[in-house]
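As given, the protein sequences belong to chains A and B, one line each in that order. Just so it is clear: in the first sequence, position 65 is 1403 by the working numbering, and no numbers are missing. Just so it is clear: in the second sequence, position 109 is 1447 by the working numbering, and no numbers are missing. First comes the structure, then the notes that go with it.
2 protein chains.
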Amino acid sequence: MIDAVVGIDIGGTFTKYGLVDKKGQCLRVNLIKTDQFVDFNEFSEHLHKEIQGQCDSLSEEINIKGIGVGAPNGNYYRGTIEHAPNLKWKGIVPFVEKFKKYFPDLPVVLTNDANAAAIGEMVYGGAKNMKNFVVITLGTGLGSAFVVDGNLVYGQDGFAGELGHVNVEQNGRICTCGNKGCLETYVSATGIKRTLFNILCTRFEKSDLRNVSFSELTSEMIYEAATKGDAIAREAFEITGEILGVKLSDVVAITNPEAIFILGGLAKAGEFIFKPTQLSMEKNIFPVFRGTVKILPSQLKGENAAVLGAGALAWKEWNIQSKRYAPGQTS
Amino acid sequence: MIDAVVGIDIGGTFTKYGLVDKKGQCLRVNLIKTDQFVDFNEFSEHLHKEIQGQCDSLSEEINIKGIGVGAPNGNYYRGTIEHAPNLKWKGIVPFVEKFKKYFPDLPVVLTNDANAAAIGEMVYGGAKNMKNFVVITLGTGLGSAFVVDGNLVYGQDGFAGELGHVNVEQNGRICTCGNKGCLETYVSATGIKRTLFNILCTRFEKSDLRNVSFSELTSEMIYEAATKGDAIAREAFEITGEILGVKLSDVVAITNPEAIFILGGLAKAGEFIFKPTQLSMEKNIFPVFRGTVKILPSQLKGENAAVLGAGALAWKEWNIQSKRYAPGQTS
């Protein structure tokens, strides 16, 4: 008999799920396509069956202790996914309420994907001994999570950590949120694409990327061009890191963290993004903090980091709430 | 016999101290001139005698439970005042260590002035029922304190809350910290003075303030001119509020507070500063937070607010540490 939790990472394209034991081993990870389910009820029914099947397929008996979910725009307090632009389910999806119907005897806890990543880093990754740190996820947008004195900052309504929407420039680039000049319009996979196109139109240097349309261009292509010495691609990373560094110096001034972890697709560009970010942060930082804050990549290696994070959330929650959630009791 | 704590508010010019009972009544408040003591040891000896004298002068016997101190650049973890630009004691002053020699049987706790104000607001003021709020103090500089889930954010080294040093403009106004473009160079009593002079040099409108030198000008004079309809003075408040509002929208995106309290000299300008700040914050805020965050003045009325804050700090600390600090035991 193995004690485990279910970790679920909901993304716009894929949902990954797997069993995570207390030591942070993923016993098995599978995935389903999120975007083939226009109806959330069909999605949750399918996911439930898949999880059951996964448990049944293991040779050892599994004692499931809880379910942890990381989702875009996930609200920890309400257990909801709210107005997630990258998901097909519009409005407010009462995930925890609906999912508990399939697992009435288990605690189900949900938070947003950046928060889940932060808990993963805290429980199994590079933040194991840290009490104050920040996680930045650079994907389609920019997500963030703040850990203060060992606890996630959720704020009054559970929506803290929207660093992607601090202002870089008044009347700057239009953001999906409706505002202008938000950080994620500059610093994200989409942001660096916009920056690259801005450089293309202001400069003359040759670049293979001049032959790629805006629709075709990906941040991976910019990274590949940069590794080949493309000056415009490198400039795009420089500018992206400079802007991120200024905002990280603000984050340090407010929360005085020990470290900032940078995760997600764009973080795979390594020194191309880490170096200008670090330089810009140190240049702009309040002097008392100079040299005190580490900028680090995730220490959760591999494809299963987000599932591990969701699993860590469940383990952490179950420990905290073990008195409330006696077996068979769900509220 | 009355139980009370000593609240001490150290400022660049005056130090106020007084006895504060558990209900937040100041039994008596006196002051000494901070800046007449170039040597910290002389200051602390004098302050100790004054406090003893204050206790002896009361008709009822006082049972002092602890001492709370709010000081510029005060470090809660270390009990030190570190490199405070407005104090004559340079370097790192080990306040708590030295002051405990005079009061060996009492717990002494110190934090920075904005943190003390936040605890005052939480214990006796407008944040009594709040778990997530921010305090901004607008004096010579801009101080701030962040309360998350009922606790002050101190950060890794005890220096969290330096909102005065987030960046407004790359290569902007020179700041006392050595950086350029920090928020407090625009939003503070000094900041609005600099803004007013900038307006004077770019515009033609008549203003009585054209007859005042930079050295003579105070934020109170700008406020008085604004009340009399001076267009340039009003514009200075508009600009100050607009910049503060943008940064408060960033603060909301990161910490999702219920309210933001604006305190200090410049807050006395009332609607002149509150209105443009509120408008700008709402304009720039991440949509999910629109209309959810109150901007409020302090509910600690009168001259003794800072002493009350320091007293509240001691009460809070003593409650938390009552097991550690048994009577007669000091460490």
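Cβ coordinates follow ideal geometry from the N, Cα and C atoms, glycine included.
On the CB-based measure, 16 or more other CB atoms within 10 Å of its CB, does Glu1655/B come out buried or exposed? Locating residue 1655/B in the second sequence gives position 317, counting from the first residue. Buried.
Exercise. Starting from Ser1599/B, follow the beta strand (DSSP E) in both directions and report where the run begins and ends.
Key: Residue 1599/B sits at position 261 when you count from the first residue of the second sequence. The amino acid at residue 1599/B is misidentified as Ser; the sequence shows Phe. Taken as a continuous stretch (DSSP letters only), the beta strand (DSSP E) holding Phe1599/B covers Ala1597 to Leu1601.
* Tell me whether Ile1340/B sits in a helix, a strand or coil according to DSSP, three-state version. => Position 2 of the second sequence, counting from 1, holds the residue named residue 1340/B. In the structure shown, Ile1340/B adopts extended strand secondary structure according to DSSP, grouped into three states.
Inset, instruction - Note down, in chain order, every chain B residue with its Cβ under 9 Å from the Cβ of Asn1467/A. - result: By one-based count along the first sequence, residue 1467/A stands at place 129. Chain B residues near Asn1467/A: none, gap ~12 Å exceeds 9 Å.
Span of the beta strand (DSSP E) around Cys1364/B: As a first step, residue 1364/B is located in the second sequence; it is residue number 26 there, counting from the start. Segment Cys1364 to Lys1371, the beta strand (DSSP E) holding Cys1364/B.
Kindly say whether Ser1669/A, judged by its beta-carbon, lies nearer than 9 Å to any beta-carbon of chain B. As a position in the first sequence, residue 1669/A is number 331, starting the count at 1. Since pLDDT at Ser1669/A reaches only 36, below the 50 mark, its modelled position is unreliable, and the value read off the structure follows with that caveat. No, Ser1669/A lies away from the interface with chain B (no Cβ there is under 9 Å from its Cβ).
Can you grab the Cα-Cα spacing for the pair Ile1623/A / Lys1613/A, in whole Å?
By 1-based counting over the first sequence, the position of residue 1623/A is 285. By 1-based counting over the first sequence, the position of residue 1613/A is 275. Those two C-alpha atoms are separated by around 15 Å.
message: For Glu1451/B and Tyr1414/B, what's the separation of their Cα atoms in angstroms?
response: Here residue 1451/B is taken as the residue at index 113 of the second sequence, counted from 1. Here residue 1414/B is taken as the residue at index 76 of the second sequence, counted from 1. A small fix is needed here, since residue 1451/B is Asp in this sequence, not Glu. Rounded to whole angstroms, Asp1451/B to Tyr1414/B spans 11 Å at the Cα level.
**Request:** Output, in sequence order along the chain, the residues in the stretch 1590-1612 of chain B whose CB is closer than 7 Å to any CB in chain A.
**Result:** Ala1591, Ile1592, Thr1593, Asn1594, Pro1595 and Glu1596
Hey, Val1645/B and Met1619/B: beta-carbon distance below 9 Å or not?
For the purposes of this step, residue 1645/B is taken as residue 307 along the second sequence, with counting starting at 1. For the purposes of this step, residue 1619/B is taken as residue 281 along the second sequence, with counting starting at 1. No.
- Could you list which residues in chain B have their beta carbon closer than 9 Å to that of Gly1408/A, in chain order? Here residue 1408/A is taken as the residue at index 70 of the first sequence, counted from 1. Chain B residues near Gly1408/A: none, gap ~18 Å exceeds 9 Å.
Query raised in the report: Where do the ends of the beta strand (DSSP E) carrying Asn1401/A lie?
Result: For the purposes of this step, residue 1401/A is identified with residue 63 of the first sequence, where counting begins at 1. Residues Ile1400 to Ala1409.
Which residues, taken in chain order from the stretch 1478-1498 of chain B, show a beta carbon closer than 9 Å to some beta carbon of chain A?
-> Ser1482, Phe1484, Val1486, Asp1487, Asn1489, Val1491, Tyr1492, Gly1493, Gln1494, Asp1495, Gly1496, Phe1497 and Ala1498
Residues bridged to Ser1397/A by DSSP?
-> If you number the first sequence from 1, residue 1397/A lands on position 59. None, per the DSSP bridge assignment.
- Message: For the stretch 1366-1386 of chain A, list every residue whose C-beta sits within 7 Å of some C-beta in chain B, in sequence order.
- Response: none
| request: Can you give me the Cβ contacts of Thr1556/A inside the same chain, cut-off strictly under 8 Å, excluding the 5 residues immediately before and after it? | output: Within the first sequence, the letter at position 218 stands for residue 1556/A. Ala1527 and Lys1531, listed in sequence order.
For Gln1374/A, count neighbouring C-beta atoms within 10 Å of its own C-beta (all shown protein chains included) and say buried if the count is 16 or more, exposed if not. To locate residue 1374/A, count along the first sequence from 1; it is residue 36. The residue in question, Gln1374/A, is exposed, as its Cβ has fewer than 16 Cβ neighbours within 10 Å.
- Does the beta carbon of Pro1625/A sit closer than 9 Å to a beta carbon anywhere in chain B? Locating residue 1625/A in the first sequence gives position 287, counting from the first residue. Yes - at least one Cβ of chain B is within 9 Å of the one on Pro1625/A.
### Message
Taking 9 Å as the threshold (beta carbon to beta carbon), is Val1343/B in contact with chain A?
### Response
For the purposes of this step, residue 1343/B is identified with residue 5 of the second sequence, where counting begins at 1. For Val1343/B, the answer is no, since every Cβ of chain A falls outside 9 Å of its Cβ.
Let me confirm a value: Lys1403/B is counted as buried when at least 16 other C-beta atoms fall within 10 Å, else exposed. Which label applies? For the purposes of this step, residue 1403/B is identified with residue 65 of the second sequence, where counting begins at 1. Lys1403/B comes out buried.
Inset, instruction - Closer than 8 Å by beta-carbon distance: list the chain B residues that pair up with Gly1463/A, in chain order. - result: Translated into the one-based positions of the first sequence, residue 1463/A becomes position 125. Near Gly1463/A there are no residues of chain B at all, since even the closest Cβ is about 18 Å away, more than 8 Å.
**Asked** Taking C-beta to C-beta, are Tyr1462/A and Ala1650/A nearer than 9 Å?
**Response** For the purposes of this step, residue 1462/A is taken as residue 124 along the first sequence, with counting starting at 1. For the purposes of this step, residue 1650/A is taken as residue 312 along the first sequence, with counting starting at 1. Cβ distance < 9 Å, so Tyr1462/A and Ala1650/A count as in contact.
Exercise. Whose C-alpha, out of Lys1426/B, Asp1359/B and Leu1385/B, is nearest the C-alpha of Ile1400/B?
Worked result: Indexing the second sequence from 1 puts residue 1400/B at position 62. The shortest C-alpha separation from Ile1400/B is found at Asp1359/B.
Could you check what DSSP says for Ile1430/B in three-state terms: helix, strand or coil?
As a working mapping, residue 1430/B is identified with position 92 in the second sequence. Correct three-state label for Ile1430/B: strand.
Checklist entry - Between which two residues does the beta strand (DSSP E) carrying Ser1336/A extend? => result This structure cannot speak to residue 1336/A, because chain A is shown only from 1339 to 1669.
Inset, instruction - Determine the chain A residues that contact Val1447/B at a beta-carbon separation under 7 Å, and present them in chain order. - result: One-based indexing of the second sequence puts residue 1447/B at position 109. None at all; the shortest Cβ gap to chain A is about 17 Å.
- Message: Output needed for Lys1661/A: all residues of its chain with C-beta closer than 8 Å, excluding positions within five of it in sequence on either side, in chain order.
- Response: Here the question's residue 1661/A lines up with position 323 in the first sequence. Note that Lys1661/A has pLDDT 41, beneath the 50 cutoff, so the model's placement of it is unreliable and no number is given.
Just to confirm my understanding: we take Leu1601/A, look at its own chain, exclude 5 residues before and 5 after, and list those with CB closer than 6 Å. What are they? On the first sequence, position 263 is the one that residue 1601/A refers to. Excluding residues within five positions, the ones whose Cβ falls inside 6 Å are Ala1455, Thr1475 and Ser1636.
- Ile1370/B and Gly1408/B: beta carbons closer than 9 Å? The sequence position of residue 1370/B within the second sequence is 32, counting from 1. The sequence position of residue 1408/B within the second sequence is 70, counting from 1. Here Ile1370/B is not near Gly1408/B, since their CB atoms are 9 Å or more apart.
Check: What is the rounded straight-line gap between the Cα of Leu1617/B and the Cα of Glu1580/B?
Finding: Along the second sequence, one-based indexing puts residue 1617/B at 279. Along the second sequence, one-based indexing puts residue 1580/B at 242. When rounded, the distance between both Cα atoms is 8 Å.
For Met1339/B, does the count of other Cβ atoms within 10 angstroms reach 16, so buried, or fall short, so exposed?
-> Taking the second sequence and counting its residues from 1, one reaches residue 1339/B at position 1. Around the beta carbon of Met1339/B, a 10 Å sphere encloses fewer than 16 other beta carbons of the protein chains shown; the residue is thus reported as exposed.
Going by alpha carbons, who is nearest to Ile1611/A out of Ile1598/A, Thr1578/A and Ala1591/A? Here residue 1611/A is taken as the residue at index 273 of the first sequence, counted from 1. Considering only alpha carbons, the answer is Thr1578/A.
ask   = How many angstroms separate the CA atom of Gly1510/A from the CA atom of Ile1598/B?
value = Within the first sequence, numbered from 1, the residue matching residue 1510/A stands at position 172. Within the second sequence, numbered from 1, the residue matching residue 1598/B stands at position 260. Cα-Cα distance, rounded: 26 Å.
- Task: Measuring only between beta-carbons, confirm whether Lys1354/B sits less than 9 Å from chain A.
- Result: One-based indexing of the second sequence puts residue 1354/B at position 16. It does not: the Cβ of Lys1354/B has no partner Cβ on chain A nearer than 9 Å.
With DSSP as the reference, identify every bridge partner of Asp1359/B, one or two as the case may be.
As a working note, residue 1359/B is residue 21 in the second sequence. Per DSSP, Ala1342/B.
**OP:** Tell me, please, whether the stretch 1464-1481 of chain B touches the stretch 1558-1577 of chain A by the rule of three or more beta-carbon pairs shorter than 8 Å.
**Re:** no
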